[in-house]
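J.:
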Amino acid sequence: MAKIIDSINQEFATMFTSVSLAERIMFVKHMSMMIHSGMTEVESLRLIQSQIKSKGFLKILNEVIVGVENGQALSTSLARYRGVFGDLFINIIKIGEISGTLSENLDYLALEMKKNQSLRSKVRGALIYPAVILVATVGVVGGLIFFILPKILPIFINLNVTLPITTRILIASSDALRAHYLLIGLAFLALVGTLLLLRRIPVTKYILHRILLTLPIFGSISVGFNMANMTRILGMLLKSGEKIVQAVSITADASSNMVYRKALQEAVVEIQKGKTLYAYFEEHERLFPPTVGRMIEVGEKTGNLDNNLAYLAEFYENEVDEVTKNLSGILEPILLVVMGVAVGFVALAIITPIYGITQGLNK
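Be aware that the sequence shown starts at 1, since it is given in UniProt numbering, and climbs by one per residue.
#1: In chain order, what residues of the same chain lie with their CB nearer than 6 Å to the CB of S255, ignoring the 5 residues before and after it?
#2: According to DSSP, is N158 helix, strand or coil?
#3: Do you know whose CA, among A126, I271, N70, V64, lies nearest I217's CA?
#4: So, using beta-carbon positions, are M33 and E112 closer together than 8 Å?
#5: Which same chain residues, not among the five before or five after K114, have their C-beta less than 8 Å away from its C-beta?
#6: Buried or exposed: A228, going by 16 or more other Cβ atoms within 10 Å of its Cβ?
#7: Using the three-state DSSP reduction, which class does Y278 fall into: helix, strand or coil?
#8: Along the chain, where does the alpha helix (DSSP H) containing P130 start, and where does it finish?
#9: Answer with buried or exposed for F89, where buried requires no fewer than 16 other C-beta atoms within 10 angstroms of its C-beta.
#10: Since N91 contacts E242 with CB under 8 Å, what's their CB separation in whole angstroms?
#11: Please report whether the beta-carbon of R168 lies at a distance below 8 Å from any beta-carbon of chain D.
#12: From which residue to which residue does the alpha helix (DSSP H) around G219 run?
#13: Pick helix, strand or coil for K243, following the three-state DSSP scheme.
#14: Since F156 and P353 are thought to touch, with beta carbons under 8 Å apart, how far apart are those beta carbons, to the nearest angstrom?
#15: In angstroms, rounded to a whole number, what distance separates the CA positions of F12 and A79?
#16: Cα separation between K122 and N326?
#17: Is V141 closer than 8 Å to V346 when the C-beta atoms are compared?
#18: Do P333 and M258 have their C-beta atoms closer together than 8 Å?
#19: Do you know offhand how far V135's Cα is from G340's?
#20: Take N62 as the anchor and find which of G71, L170, Q49 has the nearest alpha-carbon.
Below you can see the structure in the form of structure tokens.
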């Protein structure tokens, strides 16, 4: 019962509070530097507090400082805001407190968070150009349908010209859009809202993530991204002294992809039954590439698992980096063809009857 009440309190504490990844990285880096210099935790927290601009983060730091001043461990005070910082963040700090390596753990955590931020930025950045092309296509086609076609259409009607099929399709589409634009707009907003809502429902979120993993190009990026995150987090936890079962459990909770989260949660159960992590990964090669399984097998046998995981994280980060660099080049010709077909169809539908009229006048 106490755990349920504590969970509810945490939900209320974090419901209207958010701290950006950049702010969390800054917090960890500054804490590491100050504790390493000999400052106490409270002194470090107060100095960081004086530099924070975010009201939400200031509120959290006030509560954390009060907790530490009252004798709580830093990890315990931060755990009240588990929804803001996450299990990984809190557990790395907790392990550092127990082992006496808090400064080193904070430094390592900041480095790994920075890598995660960089990886996410590269993936998002690679999608900007395709999005711009798509928006431009919609804008050009929409402009032709809503502004050019209505001015030309009366000419076709007055001259009683027999229109080609492409023009008739375009006119019918234009009439439908202009007559029901409000309804279509509301339907589009409803669709977007439904998709956003479905993303919050675990079952549909799992299905969407499963579909993402099967898509051409984006599927391989998603696998690489999840492998980089998984191996980095797991390696960091093991290097910090966490036991394998707890490390895999925390890694599962930190996974943003529901398919990998479920798979890692199943791995925890299997490891508790005596199965090795490698054996579980080998049974699920569709999610975990053979390279990952083999490196983990060698690491488990040699006692060098944390270093092997760090190597894998570096490998997949570089792989995702290369793919995202080339993503625009791969998608550009496809998008340009789509744009050319869409704009060409509209232009042809408008120009063809005009050409027919001029030919008739010349005769």
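Quick reminder that beta carbons are idealized off the backbone N, C-alpha and C, glycines included. Note that the structure is a prediction, hence the values are computed from the model and not measured.
T.: So, to answer that:
#1: Taking the first residue of the sequence shown as 1, we reach residue 255 at position 255. Hits under 6 Å: R261.
#2: Looking up residue 158 in the sequence shown gives position 158. Residue state, collapsed to three classes: helix.
#3: Counted from its first residue, the sequence shown places residue 217 at position 217. For I217, the nearest C-alpha among the options comes from A126.
#4: What you label residue 33 is simply residue 33 of the sequence shown in a count that begins at 1. What you label residue 112 is simply residue 112 of the sequence shown in a count that begins at 1. No.
#5: Here residue 114 refers to the residue found at position 114 of the sequence shown. Closer than 8 Å at the Cβ level, and outside the excluded window around K114, lie I25.
#6: Here residue 228 refers to the residue found at position 228 of the sequence shown. Buried, because 16 or more other Cβ atoms sit within 10 Å of the Cβ of A228.
#7: Translated into positions along the sequence shown, residue 278 becomes position 278. Correct three-state label for Y278: helix.
#8: Numbered from its first residue, the sequence shown carries residue 130 at position 130. Unbroken alpha helix (DSSP H) run through P130: 102-143.
#9: The residue labelled residue 89 in the question sits at position 89 within the sequence shown. Its Cβ being crowded by 16 or more others within 10 Å, F89 is buried.
#10: As a working note, residue 91 is residue 91 in the sequence shown. As a working note, residue 242 is residue 242 in the sequence shown. So it is a contact: roughly 7 Å between Cβ atoms.
#11: No chain D appears in this structure, which consists of one protein chain only.
#12: The residue labelled residue 219 in the question sits at position 219 within the sequence shown. Where G219 is concerned, the enclosing alpha helix (DSSP H) stretches over 218-239.
#13: Counted from its first residue, the sequence shown places residue 243 at position 243. Correct three-state label for K243: coil.
#14: Here residue 156 is taken as the residue at index 156 of the sequence shown, counted from 1. Here residue 353 is taken as the residue at index 353 of the sequence shown, counted from 1. Indeed they touch by this definition, with Cβ atoms about 6 Å apart.
#15: Counting from 1 along the sequence shown, the entry for residue 12 is found at position 12. Counting from 1 along the sequence shown, the entry for residue 79 is found at position 79. Legend: pLDDT at F12 = 44, less than 50; position of this residue unreliable, value from coordinates given subsequently. So the alpha carbons of these two residues sit roughly 13 Å apart.
#16: For the purposes of this step, residue 122 is taken as residue 122 along the sequence shown, with counting starting at 1. For the purposes of this step, residue 326 is taken as residue 326 along the sequence shown, with counting starting at 1. Distance between the alpha carbons of K122 and N326: 11 Å.
#17: In the sequence shown, residue 346 corresponds to position 346, counting from 1. In the sequence shown, residue 141 corresponds to position 141, counting from 1. Cβ distance < 8 Å, so V346 and V141 count as in contact.
#18: Indexing the sequence shown from 1 puts residue 333 at position 333. Indexing the sequence shown from 1 puts residue 258 at position 258. Going by C-beta atoms, P333 is not nearer than 8 Å to M258.
#19: Translated into the one-based positions of the sequence shown, residue 135 becomes position 135. Translated into the one-based positions of the sequence shown, residue 340 becomes position 340. Distance between the alpha carbons of V135 and G340 is about 14 Å.
#20: Here residue 62 corresponds to residue number 62 of the sequence shown, with the count starting at 1. Nearest C-alpha to N62: Q49.
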